[in-house]
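What follows is a single structure, written as structure tokens, with notes after it.
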Amino acid sequence: MEFLYQAVAPYYGKCGQKSIDPVVFFKLQLVAHYENICSERALIEMSQLRLDILHFLNYNVGERLPCHSTLSRTRKRLPAEVFETCFQSILTACVAAGMVSGHTQVVDAALVEANASTDSLKRKALLEWQLLQGEANLSTPAELTGQVSPFPSIEKTTKPKSCPRNNRTHISMSDAEAKLTQKTGKPSRLYYLSTMAVDTHRHVITHMQADLADEKDSRHLTAIVDKLSAKLMQYRLPFQYLLADAGFGSGENYAFLEARHIKGFISLPGSYQPVREGFHYDPTQNAYICRNEKLLYYHGIRIEKGFATHYYHARVKDCSVCPLKKACCGNKRRQTLTFSVYRHYHQRIQERVESKEGKKMIGLRMSTVEPVFGSLLNYYGMKRSNAKGKQAAHKFMLMAATAYNLQKLLACSTHPIANIQILTQKQIHILYFVLCYVVQHPGVEFVTTPLLLICLIF
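Numbering of the sequence shown is given in this note's numbering, commencing with residue -14 and proceeding in unit increments.
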């Protein structure tokens, strides 16, 4: 880890009180993840009592370790680029050991609990009132919500926890970037989103980043692919396949992957409708024909719910006299159909995922990235962030990924196997006889005893 001295040199001064050794700091971060510890106070207390950790840190018995607050300040002052350098160096060693193939990458995301409690949530009802009063220059959560409420009687009679809480109406006073999120099987708490890429060859983590928990997974895929491509190109490794779940599926992402000549196996999102029952397409007229043989004409591209869609609708006079109107369009004046402008990309990805190769890739995705995330969350101390803010969460996740890759690298390294001789029962009796002889005749020189033992056994 000598490269760390060069990486942190611009951030360490040459005068004043000496700070913590950067190698010791990063070793303690690794120990925290290997011991599944999220608290730095508990990390220092445990490390002070462990001889193996003291030896790893190059500390003597009785020598005091740095204060836990020193770790917090050092991590806060070092930029994320230093942690990226540490992660990249271990990844480079994994590539050199042949543990990364590059051609198939699996992307997934998981929630990591923020270092903030839901009790720190406060309603944003005062924000609009403050802006009207000309207090738009307030920026921190404490400043934004620290004024006296214009409605004290309402606040006294309303129970804060009984009101529905979400990210539009509430903000955390201790960590403003942590978002209130709830997913299936998880309680409603403040989280960050951990997005990760894993190589399928030896399950080495090739990318890790922290995002806001209220953002969709699909929003970050293009940036992840750009960073992955740059990393793998640096190592001259091919990047051909990308596997992900339906959360990363969107028309923009499908088009982006095709433009990059990357074969994606990403399931379609649940809201996508591949066919519309009762309607069939007429390519000669660029129109849809309903069950009553009436045409739904094309009327250009419109924006619906933030997405560009092809818009088709029938004529009002055709729908008003149609006997199937009530079952077809209900109380609407006419039937309308909308299709994503990325419809052809959706069709191609659906055919690919449903093919024999696609089903194999789905199984490969599940067996690759999900065990890695399970290990990080349950055994590498990544279940809860140890600092506040998105940038600190990003550093925390990078160190967890570094610890995971380092253990993979050490397990992959070849070690010489000792030549162990299994003794027969006869040899055991002879060994027992020799030991008894040595005990009863202490005058026998110790140097000749091993020679005698070897002669008797072999």
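Glycine included, every Cβ here is placed at the ideal spot set by N, Cα and C.
On the DSSP letters alone, give me the boundaries of the beta strand (DSSP E) that residue i sits inside.
i	result
residue 2	Per DSSP, residue 2 belongs to no beta strand (DSSP E) and is neither H nor E.
residue 194	190 to 197
residue 364	Careful: residue 364 lies outside any beta strand (DSSP E), inside the alpha helix (DSSP H) at 341 to 364.
residue 447	The structure shown does not extend to residue 447, since the chain is modelled only from -14 to 443, so the question has no answer here.
residue 227	226 to 229
residue 90	89 to 98
residue 448	As shown, the chain starts at -14 and ends at 443. That puts residue 448 outside it, with no answer to give.
residue 324	321 to 325
residue 166	164 to 166
residue 157	155 to 157
residue 106	106 to 108
residue 272	272 to 274
Which residues in the same chain have their Cβ closer than 6 Å to the Cβ of residue i, if we skip the five residues on either side of it in sequence?
i	result
residue 80	220
residue -14	8
residue 343	250, 337
residue 358	95
residue 78	394
residue 435	Low local confidence applies: a pLDDT of 48 at residue 435 is under 50, so the model's placement there is unreliable, with the coordinate-based value given in what follows. Closer than 6 Å at the Cβ level, and outside the excluded window around residue 435, lies no residue.
Can you give me the C-alpha to C-alpha distance between residue i and residue j, rounded to a whole angstrom?
i	j	result
residue 389	residue 312	57 Å
residue 43	residue 87	36 Å
residue 305	residue 298	13 Å
residue 103	residue 60	25 Å
residue 226	residue 346	10 Å
residue 168	residue 199	11 Å
residue 49	residue 33	7 Å
residue 319	residue 328	23 Å
residue 340	residue 271	29 Å
residue 182	residue 201	16 Å
residue 208	residue 233	12 Å
residue 2	residue 10	16 Å
residue 165	residue 95	14 Å
residue 144	residue 151	Only weak support is given to the placement of residue 144: the predicted model assigns it a pLDDT of 48, under 50, and the value that follows is read from those uncertain coordinates. Their Cα atoms are separated by approximately 15 Å.
residue 18	residue 291	41 Å
residue 138	residue 149	Its pLDDT being 41, under 50, residue 138 is placed unreliably in this model, and the value from its coordinates should be taken loosely. One C-alpha to the other measures close to 19 Å.
residue 228	residue 203	13 Å
residue 218	residue 185	17 Å
residue 289	residue 265	22 Å
residue 309	residue 241	41 Å
residue -9	residue 173	43 Å
residue 223	residue 348	22 Å
Just to confirm my understanding: we take residue i, look at its own chain, exclude 5 residues before and 5 after, and list those with CB closer than 7 Å. What are they?
i	result
residue 244	none
residue -4	62, 63
residue 287	294, 296
residue 159	101, 105, 373
residue 212	192
residue -7	7, 63, 67
residue 5	51, 55, 59
residue 65	376, 379, 380
residue 334	239, 249, 251, 253
In terms of alpha-carbon separation, which member of the options lies closest to residue i?
i	options	result
residue 107	340, 163, 344	163
residue 175	155, 194, 182, 189	155
residue 196	0, 380, 391	380
residue 350	280, 335, 231, 41	231
residue 190	334, 152, 90, 300	90
residue 21	357, 94, 369, 178	369
residue 391	82, 323, 352, 170	82
residue 396	17, 84, 30	84
residue 482	97, 27, 1	Here the chain has residues from -14 to 443 only, and residue 482 is not among them.
residue 37	310, 12, 356, 246	12
residue 194	187, 184, 205	205
residue 47	-1, 28, 39	39
residue 109	69, 157, 99, 398	157
residue 382	418, 354, 180	180
residue 54	30, 161, 367	30
residue 24	45, 57, -1, 0	57
residue 178	92, 282, 187	92
residue 278	284, 355, 300	300
With residue i as the anchor, note down where its alpha helix (DSSP H) starts and where it stops.
i	result
residue 58	53 to 62
residue 26	25 to 32
residue 310	310 to 314
residue 182	Unbroken run through residue 182 is the beta strand (DSSP E), 174 to 184; no alpha helix (DSSP H).
residue 69	65 to 81
residue 236	236 to 244
residue 288	That residue, residue 288, is in no alpha helix (DSSP H); its beta strand (DSSP E) goes 280 to 289.
residue 381	375 to 397
Here's a check: name, in chain order, each residue in its chain whose Cβ is nearer than 8 Å to the Cβ of residue i, leaving out the five neighbours to either side.
i	result
residue 74	-12
residue 263	275, 276, 313
residue 267	273, 274, 280
residue 15	384, 387, 388, 391
residue 255	231
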